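S.K.:
Numbering (our numbering), first residue to last: 3 to 380.
1) Tell me whether the beta-carbon of residue 89 lies closer than 8 Å to the beta-carbon of residue 76.
2) Look at residue 331 and residue 320 and say whether their C-beta atoms are less than 8 Å apart.
3) Would you kindly work out how many angstroms separate the C-alpha atoms of residue 227 and residue 188, rounded to a whole number?
4) Return yes when the Cβ of residue 366 is within less than 8 Å of the Cβ of residue 240, no when it is not.
5) Between residue 246 and residue 273, which are expected to be in contact by the criterion C-beta below 8 Å, what is the C-beta distance as a whole number of angstroms?
6) If you measure from the beta carbon of residue 349 to each beta carbon in chain C, is any gap under 8 Å?
7) What's the gap between the Cα of residue 211 and the Cα of residue 371?
8) For residue 151, which residues of its own chain have a beta-carbon under 6 Å away from its beta-carbon, when the five flanking residues on both sides are left out?
9) Express the C-alpha separation of residue 322 and residue 363 in angstroms, rounding to a whole number.
10) Using alpha carbons as the reference points, say which of 380, 21, 223 and 262 lies closest to residue 238.
11) If we call anything under 8 Å between Cβ atoms a contact, is residue 346 one with residue 297?
12) Could you name the residues that DSSP lists as bridge partners for residue 302?
13) Is the CB-CB distance between residue 348 and residue 283 below 8 Å?
14) Compare the Cα-Cα distances from residue 224 to each of 278, 267 and 265 and report the closest residue.
15) Give a yes or no on whether the C-beta atoms belonging to residue 231 and residue 258 are separated by under 8 Å.
16) Going by alpha carbons, who is nearest to residue 343 out of 357, 201 and 308?
17) So, with DSSP's three-state summary, where would you put residue 341?
18) Could you tell me which residues DSSP pairs with residue 77 in its beta bridges?
19) Would residue 276 and residue 242 qualify as a contact pair, given that the criterion is a beta-carbon distance under 8 Å?
20) Could you tell me the distance, in whole angstroms, from the CA atom of residue 6 to the CA atom of residue 352?
21) CB residue 281 to CB residue 356, shorter than 8 Å?
22) What residue from 265, 328 and 334 has the CA that sits closest to residue 311's CA?
In structure tokens form, the structure reads like this:
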């Protein structure tokens, strides 16, 4: 299978200096496979490891290619001139942009739009070799240049056209979003290039080197705002949190997590990544088991924490104490319902605050001041 890996700038319809990219909350891959009666088969064949993408990546070293079956938000970008449009996941937990290539003949690419560099008048080929080995295959190719478009304005961007021989997960029958746009804290992408946001900031497209996300529970209404924040999507003030152990990721420190006044996790503080590319809240196995125990959850055959769908409103709030502020998550925010029942939005792994947290709290990512901000979403 042949793919294109892109790290570049994005611009959009800008009002008062802010560039707004509408996001749609689609059905998750889990919901789609459940509808097709493939849920058991998919879970057996393709395990989900939310920590995989945070492993250290070195050229020629194994790197896992995974997907989150419950991520749901996507926007649209155009690549090239005239633009070829793709549905993408904007991921604060990664640095790069993946897109299928027209040269992909694998079943992994079947049914998905593919980028055709020959059809773009602004495409510029380059000679830099590119190769990454994966646990499930490899990616290789050469450097190229092209433009990225979101609604209006075009900007020059850098991207790669590597080839992959296989993929670890099935994407042909699930309608998954197969293009990922990384929005890391650091401006360094996989190849050492400039990230999308920094490219926009350097070109004077946005007023501040920051972005924010409003993730609605409805199909429409969610938005990625490049260059600032929008107070119409939250109440009160944004509580700003300095980054902890600054890296390529949006790391913060959680002071404690109590339920009904009892500390159930992070008693000695814990470091967490704020990640729009992860659907749930993830934490250490022991502490997540403790949280789920307080909620009366019982592991199902796949390890998910199942609860009764009746009277979930009687479950307690879960409080995240972060940098002197308390962020209370009610059961309506952390209980996930599907055709197969209800589960908690907590899973084992390294600490990650994903969609479950970000739907309840409007989230701002400030590159310039090295901070993450949370406010009560509306």
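Ideal Cβ positions, reconstructed from N, Cα and C, are used throughout, including at glycine.
The structure presented is a predicted model; accordingly, all values stated were derived computationally and were not measured.
M.R.: Let me lay it out:
1) Yes.
2) In this structure, the beta-carbon distance from residue 331 to residue 320 falls below 8 Å.
3) Here the alpha carbon of residue 227 sits roughly 18 Å from the alpha carbon of residue 188.
4) In this structure, residue 240 lies near residue 366, with their beta-carbon atoms less than 8 Å apart.
5) Distance from residue 246 to residue 273 at the Cβ level is roughly 6 Å; contact confirmed, criterion being Cβ atoms closer than 8 Å.
6) Considering every chain present, this structure includes no chain C. It has just one protein chain.
7) If you draw a straight line from the Cα of residue 211 to the Cα of residue 371, it comes to about 9 Å.
8) 80 and 85, listed in sequence order.
9) Each residue's alpha carbon lies about 12 Å from the other.
10) The candidate whose alpha carbon is nearest that of residue 238 is 380.
11) In this structure, residue 297 lies closer than 8 Å to residue 346 by Cβ.
12) None, per the DSSP bridge assignment.
13) Contact: yes.
14) Considering only alpha carbons, the answer is 278.
15) Going by C-beta atoms, residue 231 is not nearer than 8 Å to residue 258.
16) Measuring from the Cα of residue 343, the nearest candidate turns out to be 308.
17) Coil at residue 341, not helix or strand.
18) As computed with DSSP, residue 77 is found in a beta bridge with 90.
19) Cβ atoms of residue 276 and residue 242: not closer than 8 Å.
20) The pLDDT assigned to residue 6 is 49, lower than 50, so where the model puts this residue is not dependable, and the model offers no usable value.
21) Contact: yes.
22) Residue 311 has its Cα closest to that of 334, out of 265, 328 and 334.
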